[in-house]
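Numbering (my numbering), first residue to last: 147 to 341.
The next block holds one structure in the form of structure tokens; read it before the comments.
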Amino acid sequence: MPKLACKIPERVALACSGGADSMSALSFLLKGKREVVLLHFNHGTKGSDIAEDFVLRTAEQSKLECVVGRPEKSLPANEASWREGRYKFFSESNYPVVMAHHLNDAAEWWIFSSLRGNPSLMPIKRYHNGVEILRPFIFFSRDKLVNHNYLGNVEDPSNKNLKHSRNRIRNKIVPEALKVNPGLLKTVSNLYSRS
């Protein structure tokens, strides 16, 4: 099993969309007997209310606190404003915030930042408005992470919408990049060890 990229505190908030990645991270955290608060951000897209209902039900069944955030209505409905809204919401947490990003996400981020002329690695730890953001699963491939899921999940239909850059990279560019370099995930993992 891959090692955690950073230590996970005993009390954390988990950014939980209800998707396979965050539900797998929740399964992992609960097996480790950690105290977890769920942070769910409802983007207001198609399927968002279904995801919110699922996360709230999971929280109730697992006896966890769940806090729901929503974007400000004055902001445009796009990737940049959603991201800004999410992180503003996360920065209101009383605990360090665990993100479920994994090695596949890190590879997508590296490709995305490279295409913009500034190749960079997704940070393992950082602070946003005084709240620590942690990505302990960054060395897990997506397949390895979702093996931990015993809670079920919902799929966000907007993940297939290719008008969003992230989805275009995930669904179109990464499969082609893997044909050129089947060891792409290992390459990105090695970049972390050298940074």
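Don't be surprised by glycine CBs; every beta carbon is placed ideally from N, CA and C.
(message) Less than 8 angstroms between the C-beta atoms of residue 200 and residue 294, yes or no?
(response) As a position in the sequence shown, residue 200 is number 54, starting the count at 1. As a position in the sequence shown, residue 294 is number 148, starting the count at 1. No.
(request) Starting from the N-terminal side, write out each stretch of the beta strand (DSSP E) that is 3 residues or longer and does not extend beyond the stretch 149-173. (result) Counting only runs of 3 or more residues that sit fully inside the stretch 149-173, the beta strand (DSSP E) segments are 157-161, in chain order.
(message) According to DSSP, residue 279 sits in a beta bridge with which residue or residues?
(response) In the sequence shown, residue 279 corresponds to position 133, counting from 1. DSSP, once it has assigned bridges, lists 243, 272 as partnering residue 279.
(request) Could you tell me whether the stretch 160-170 touches the stretch 283-300, where touching means 3 or more Cβ pairs closer than 8 angstroms? (result) Between the stretch 160-170 and the stretch 283-300 there are three or more inter-stretch CB-CB distances shorter than 8 angstroms, so the stretches are counted as touching.
(request) Compare the beta carbon distance of residue 330 and residue 323 with 8 angstroms and say whether it is the shorter of the two. (result) Here residue 330 refers to the residue found at position 184 when the sequence shown is read from its first residue. Here residue 323 refers to the residue found at position 177 when the sequence shown is read from its first residue. Cβ distance < 8 angstroms, so residue 330 and residue 323 count as in contact.
(request) Can you tell me the Cβ-Cβ gap for residue 154 and residue 280, rounded? I've got them flagged as a contact below 8 angstroms. (result) Within the sequence shown, numbered from 1, the residue matching residue 154 stands at position 8. Within the sequence shown, numbered from 1, the residue matching residue 280 stands at position 134. Contact holds; Cβ gap of about 7 angstroms.
(request) Please report how far the alpha carbon of residue 313 lies from the alpha carbon of residue 302, in whole angstroms. (result) Reading the sequence shown from its first residue, position 167 is the one you call residue 313. Reading the sequence shown from its first residue, position 156 is the one you call residue 302. Going by the C-alpha atoms only, they are around 12 angstroms apart.
(request) For residue 235, collect the residues of the same chain with a Cβ closer than 6 angstroms to its Cβ; drop the 5 residues on either side in sequence, then sort them by chain order. (result) Position 89 of the sequence shown holds residue 235. 187, 215.
(message) Give me, in chain order, the residues of the same chain whose beta-carbon lies closer than 8 angstroms to that of residue 149; leave out the 5 immediate sequence neighbours on both sides.
(response) Taking the sequence shown and counting its residues from 1, one reaches residue 149 at position 3. Counting only Cβ-Cβ distances below 8 angstroms, and skipping sequence neighbours, we find 285.
(request) Would you tell me roughly how many angstroms separate the C-alpha atoms of residue 159 and residue 260, rounded to the nearest one? (result) Counted from its first residue, the sequence shown places residue 159 at position 13. Counted from its first residue, the sequence shown places residue 260 at position 114. Computed Cα separation, rounded: 31 angstroms.
(request) For my contact list, residue 170 and residue 246 are in at a C-beta cut-off of 8 angstroms; report their separation, rounded to the angstrom. (result) Here the question's residue 170 lines up with position 24 in the sequence shown. Here the question's residue 246 lines up with position 100 in the sequence shown. Confirmed, about 7 angstroms.
(request) Drop a sphere of 10 angstroms on the beta-carbon of residue 327, count the other beta-carbons inside from all chains shown, and report buried for 16 or more, exposed for fewer. (result) Working through the sequence shown from its first residue, we reach residue 327 at position 181. Residue environment for residue 327: exposed (fewer than 16 other C-beta atoms within 10 angstroms of its C-beta).
(message) Can you find the residues in the same chain that come closer than 8 angstroms, C-beta to C-beta, to residue 178, ignoring five residues on each side of it along the sequence?
(response) Mapped onto the sequence shown, residue 178 falls at position 32. Beyond the five residues adjoining it in sequence on each side, residue 178 comes within less than 8 angstroms, by CB distance, of 154 in the same chain, given in chain order.
(request) Compare the beta carbon distance of residue 341 and residue 258 with 8 angstroms and say whether it is the shorter of the two. (result) Translated into positions along the sequence shown, residue 341 becomes position 195. Translated into positions along the sequence shown, residue 258 becomes position 112. No, they are not a contact pair.
(message) Let's see if you can read the secondary structure: which residues bound the alpha helix (DSSP H) around residue 337?
(response) The residue given as residue 337 occupies position 191 in the sequence shown. It spans 330-340 - the alpha helix (DSSP H) in which residue 337 sits, taken as one unbroken run.
(request) Kindly indicate which residue of 228, 211, 237, 256 has the alpha-carbon position closest to the one of residue 190. (result) In the sequence shown, the residue the question calls residue 190 occupies position 44. Of 228, 211, 237, 256, the residue nearest in Cα terms is 228.
(request) Note down the Cα distance separating residue 211 from residue 203, rounded to an integer number of angstroms. (result) Taking the sequence shown and counting its residues from 1, the one referred to as residue 211 is at position 65. Taking the sequence shown and counting its residues from 1, the one referred to as residue 203 is at position 57. Cα to Cα, the separation comes out at about 11 angstroms.
(message) Tell me the residue span of the beta strand (DSSP E) that contains residue 182.
(response) On the sequence shown, residue 182 is found 36 positions in, with the first residue counted as 1. Residues 181-187.
(request) Report the partner residues of residue 215 according to the DSSP bridge assignment. (result) Along the sequence shown, one-based indexing puts residue 215 at 69. Looking at the DSSP assignment, residue 215 forms a beta bridge with 187.
(request) Could you have a look at residue 238 and say whether DSSP puts it in helix, strand or coil? (result) On the sequence shown, residue 238 is found 92 positions in, with the first residue counted as 1. Residue state, collapsed to three classes: coil.
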